[in-house]
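2 protein chains.
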Amino acid sequence: MSMMEIRSLTKRYGSKTALDDVSLKIAKGSIYGLLGRNGAGKTTLVSLISNRDFPTSGEVLLDGANVKENDRALKNICCMGAEQLLPGYMRVKDVISSMRYFYKNTDAEYANALCEKFGLDPKKRLSRLSTGYRTIAKVIFAMSSGADYIILDEPTLGLDANHRELLYKLIIERFNETEAAFVISTHLIDECAGLFERVFVLREGRLIADEDSDALRRSAYLVEGKTAEVDSFIAGKKVLTRSEVGSFCSACVSGGDVPSPDALPDGLEVSQPTLQQLLIAMTEEG
Amino acid sequence: MSMMEIRSLTKRYGSKTALDDVSLKIAKGSIYGLLGRNGAGKTTLVSLISNRDFPTSGEVLLDGANVKENDRALKNICCMGAEQLLPGYMRVKDVISSMRYFYKNTDAEYANALCEKFGLDPKKRLSRLSTGYRTIAKVIFAMSSGADYIILDEPTLGLDANHRELLYKLIIERFNETEAAFVISTHLIDECAGLFERVFVLREGRLIADEDSDALRRSAYLVEGKTAEVDSFIAGKKVLTRSEVGSFCSACVSGGDVPSPDALPDGLEVSQPTLQQLLIAMTEEG
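Just so you know, the protein sequences line up as chains A and B, in that order.
Be aware that the first sequence starts at 545, since it is given in my numbering, and climbs by one per residue.
Be aware that the second sequence starts at 545, since it is given in my numbering, and climbs by one per residue.
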C-alpha cells in the first residue's frame, strides 16, 4: 500500500517555529482530519508536503522517495491551498483543461460534473468568484486531480449548509471509488468528524495527537455539577479545561474510563464530549 | 420599545431581482438569525438596512423615520460588512479610536478588552490580518459600536472552533448587558441556533419564513425507513426533501404534528430535524 511518511519536519520563519519536529504517516485508503487552531501550523505542514515551501529540517517521503523537487512524487500529491495560486483571469474551465499537464490522471469529466452539482459556471473567471465559490473551485480542482494524496485545506470556507452537506457526500463517494488518501484540514470539526478515520492535532507547531478518531473522542469525558463537588471529583485527575458559571462548573477530564453514574457523587453528571468539544479543550490557551 | 421596520423592500440589479418585496420587523431586545443560501439576498438586505445601497422600492424605517440618508437613524445601526470597507493601511487601534466620530456611544474600552480576549494585536494593520482575524476585527468594531441595532454578517468566517465558542459567549453577554437587537447572518446554523429567538429565512430574494426559532424547527419532521414504506407514508403530505440510498429513504415532511411512534407502520422512524437540517430542506434547489 502506498504511504507518505513525514519525518521530523521542522519549519522556522526567523525566530518563530511554525512546525516543530512533526512525524506522521498517511496511507492510501484512509481519510484523515488535520486539526488545530488558526496559527497551529496546519497550512505550513500542507505547504511542506506539497513542496510549495521547504522545511528547515526533516523530510517528506512518498513510498520511500523524498518529495523535494521530485516531480514524479509531486504529481501524486494534490493540495488545495488556502491562498489563491492561480492567476485570477483564468476561467474555471481553462484550469480544468490544463490540469492534465501536471496531474496526468486528471478526470475532467468528473470536474465538470462537480461544477454542475455545485452550480459553478465553468466560464467564470477565478477573480469573479465569491468566497464560497472560490473554495468550491479549489475543492473541485483537487478532487478531480486523480492524485493518490488529496489534501483539502479548509474546504468549507464560505460554503452554505447545503453545499457543505453535498461536499461531505461527494468526498465519501470519491474516496470509495478511488481509495485515494484524503487529508482534510477544517475548523468545522463536528460536521466533519464522521469522515475521519484518524486525526492529527497540531498545537503551536507540535503534533499533540495522532490517533483513531473514535478512540481520541473516548479518551476524555465531561463532568458537570456544583462547583465544590466537581472540584473535589477532579482533584488529582488530568483536567484539560474547567469553566465556571455561577455556582455551576464544567470540566473536561482526560484519561481513564468514563466513571459509571453509580460511582458518581449525587448531582454530578458525566458525558462524552463531541470531537469538537474535545479539540477546543485540548487546544485552549493557558 | 425601539423598532426597525422593513417595508416591501425590493432590490433589482439589471434583470436580476436580488431582494423581492421583503417586509419584516426587528425589535431591540431580541437576537435574530438571518438565514439562507449563498446568493439568497442576505448581504443585499444588510446593505440596504445600513444605507450602503439604495432599494429599487420599499423602505427601512427606524422608529418610524426612513433611514435613507438619515444620519441620526444610521448612527444607531452598525453592520459588519462581508466586504472590507476600511482602508487596509489602518491599524485596528486607529479604527477603534476613530469610531466614536460616527458611533458616539462607541465603547473603546470594551473593544480593547475584546482584542485581548481574541488575541488580536491592536497595532496590526487591517491588510495584514488573516481571514479569521479580519472577521474578528470586524465583529469587534460592530459589537463595541454602542449601536442599538448590531448586524453581524458571517461573523464566524475563518474562525477556529475555540474562537467561535468565545464569540457565542460574548454575544450573549453583550446582549444581556445592552439589550441591543442582534441580527446574525450565518451558514453555521446548528452552532448558532441556540442564540436565535426568531429567524428570517430568505430564498432567491424572497422571505419564506419569519418565525420563532423553536416553532420553525418543530414545524417539520424527518421520516426514515424502507423506500416503499416511506413513500406510502408521505403520499399526500407536504414533502420538503426526499433522498434515497439503496433501499433506504429519508424524507423531511412539513406541517402537521410529529406522528407518535405507535401510529407509524413498522420499520419507520420519525425524528425532529435540527434547525440546519430543516434549513437545508427548505432552501434546496429544484
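All residues carry an ideal CB built from backbone N, CA and C; glycine is no exception.
Computed from a predicted model, the values in this text were never measured in an experiment.
Quick one: what's got a C-beta closer than 7 Å to A/Pro809's C-beta in the same chain, skipping five residues either side? Cβ within range, chain order: Glu773 and Phe777.
Closer than 7 Å, Cβ to Cβ, to anything on chain A: give me those residues from the region 704-733 of chain B, in chain order. Of all residues in the region 704-733 of chain B, Asp704, Ala705, Asn706, Glu709, His731 and Ile733 have a Cβ within less than 7 Å of some Cβ in chain A.
In DSSP terms, what A/Cys623 is bridged to: Looking at the DSSP output, A/Cys623 shares a beta bridge with A/Ile695.
Find the nearest neighbour of A/Leu766 within the set A/Pro805, A/Tyr677, A/Val743 and A/Arg742, judged by alpha-carbon distance. With respect to the C-alpha of A/Leu766, the residue from A/Pro805, A/Tyr677, A/Val743 and A/Arg742 having the closest C-alpha is A/Pro805.
The ligand GDP and A/Pro805: does any heavy atom of the ligand fall closer than 7 Å to the residue's C-beta? The ligand GDP is not part of the structure shown, which contains no ligands of any sort.
Under the rule that 16 or more other beta-carbon atoms within 10 Å means buried, what is A/Ile733, buried or exposed? Residue environment: A/Ile733 is assigned as buried (16 or more neighbouring CB atoms within 10 Å of its CB, all protein chains considered).
Cβ neighbours of B/Arg708 in the same chain (closer than 8 Å, five flanking residues each side left out): These residues qualify, in order along the chain: Thr700, Leu732 and Glu735.
According to DSSP, is B/Thr722 part of a helix, a strand, or is it coil? When DSSP states are grouped into helix, strand and coil, B/Thr722 belongs to the helix group.
Evaluate A/Asn706 with the Cβ neighbour count: other Cβ atoms within 10 Å of its Cβ, from every protein chain shown; 16 or more gives buried, anything less gives exposed. If you draw a 10 Å sphere on the C-beta of A/Asn706, you find 16 or more other C-beta atoms in it, and that means buried.
Minimum Cβ-Cβ distance from A/Thr827 to chain B less than 8 Å: For A/Thr827, the answer is yes, since a Cβ of chain B falls inside 8 Å of its Cβ.
Counting only C-beta atoms, is B/Ser591 closer than 8 Å to chain A at any point? False, the Cβ-Cβ gap to chain A never drops below 8 Å.
Length of the line joining the Cα atoms of B/Tyr647 and B/Ile550: One C-alpha to the other measures close to 22 Å.
When B/Lys770, B/Gly811 and B/Ser763 are compared against B/Val802, the one with the closest alpha-carbon: That would be B/Ser763, whose Cα lies nearest to the Cα of B/Val802.
Could one say the Cβ of A/Leu823 lies closer than 8 Å to chain B's Cβ atoms, at least one of them? Answer yes: the Cβ-Cβ gap between A/Leu823 and chain B drops below 8 Å somewhere.
Report yes if the C-beta distance between A/Lys586 and A/Leu746 is below 8 Å; otherwise report no. With respect to the 8 Å criterion, A/Lys586 and A/Leu746 are classified as neighbours on the basis of their beta carbons.
Determine, using beta carbons only, whether B/Val636 and B/Lys668 come nearer to each other than 8 Å. Their beta carbons are under 8 Å apart, which means B/Val636 touches B/Lys668 by this criterion.
Is the beta carbon of A/Cys796 sitting closer than 8 Å to the one on A/Ala825? Yes; because the gap between Cβ atoms is below 8 Å, this pair is in contact.
Rounded to whole angstroms, what's the CA-CA distance from A/Leu751 to B/Ile575? Just pull it up for me. Their Cα atoms are separated by approximately 39 Å.
Opening and closing residue of the alpha helix (DSSP H) in which A/Lys682 lies: Per DSSP, A/Lys682 belongs to the alpha helix (DSSP H) from Thr675 to Met687.
Taking Cβ positions, are A/Tyr712 and A/Leu739 nearer each other than 8 Å? Their beta carbons are under 8 Å apart, which means A/Tyr712 touches A/Leu739 by this criterion.
Below 8 Å on the Cβ atoms is my guess for A/Leu664 versus A/Tyr677; work out the distance and round it to an integer in Å. Rounded, the Cβ-Cβ distance is 6 Å, consistent with contact.
Just list the residues that DSSP pairs A/Leu756 with in beta bridges. One point to set straight first is that residue 756 of chain A is Asp, not Leu, in the sequence displayed. For A/Asp756, the beta-bridge partners assigned by DSSP are A/Arg742.
Under a three-way DSSP split, which group does A/Leu795 fall into? Leu is not the amino acid found at residue 795 of chain A; the sequence shown has Ala there. In the structure shown, A/Ala795 sits in a strand (DSSP, three-state: E or B).
Can you give me the Cβ contacts of B/Cys659 inside the same chain, cut-off strictly under 7 Å, excluding the 5 residues immediately before and after it? Counting only Cβ-Cβ distances below 7 Å, and skipping sequence neighbours, we find Val636, Pro666 and Ile684.
With 16 as the cutoff for other CB atoms within 10 Å, does A/Ala724 come out buried or exposed? Burial call: buried.
Using a Cβ-Cβ cut-off of less than 7 Å, list which residues of the region 764-794 of chain A approach chain B; keep chain order. Along the region 764-794 of chain A, none of the residues has a CB nearer than 7 Å to a CB of chain B.
Can you tell me whether DSSP reads A/Arg596 as helix, strand or coil? The answer is coil: DSSP assigns A/Arg596 none of H, G, I, E or B.
Drop a sphere of 10 angstroms on the beta-carbon of B/Met687, count the other beta-carbons inside from all chains shown, and report buried for 16 or more, exposed for fewer. Buried is the call here.
Taking Cβ to Cβ, would you say B/Ser671 is nearer than 8 Å to B/Ser601? Their beta carbons are not under 8 Å apart, which means B/Ser671 does not touch B/Ser601 by this criterion.
Is any beta-carbon of chain A found at less than 8 Å from that of B/Gly676? So yes, B/Gly676 belongs to the interface.
How would you call B/Glu698, buried or exposed, if buried means at least 16 neighbouring beta carbons within 10 angstroms? Buried.
If you draw a straight line from the alpha carbon of A/Ser787 to that of A/Leu579, how long is it in whole angstroms? The C-alpha of A/Ser787 lies about 23 Å from the C-alpha of A/Leu579.
Less than 8 Å separating the beta-carbons of A/Glu741 and A/Glu813? When the beta-carbon positions are compared, A/Glu741 and A/Glu813 stay at least 8 Å from each other.
Only counting the same chain, and skipping five residues up and downstream in sequence, which positions put a Cβ closer than 6 Å to that of B/Ala737? Result list for B/Ala737: Leu819, in chain order.
Looking only at its chain, what residues have a beta carbon closer than 8 Å to the beta carbon of A/Ala691, apart from the 5 residues adjacent to it on each side? Once the five neighbours on either side are set aside, the close Cβ partners of A/Ala691 are Lys619, Asn620, Ile621, Cys622, Tyr647, Asn649 and Ala724.
Is there a Cβ of chain A sitting closer than 8 Å to that of B/Gln816, yes or no? No, because no Cβ of chain A sits closer than 8 Å to the Cβ of B/Gln816.
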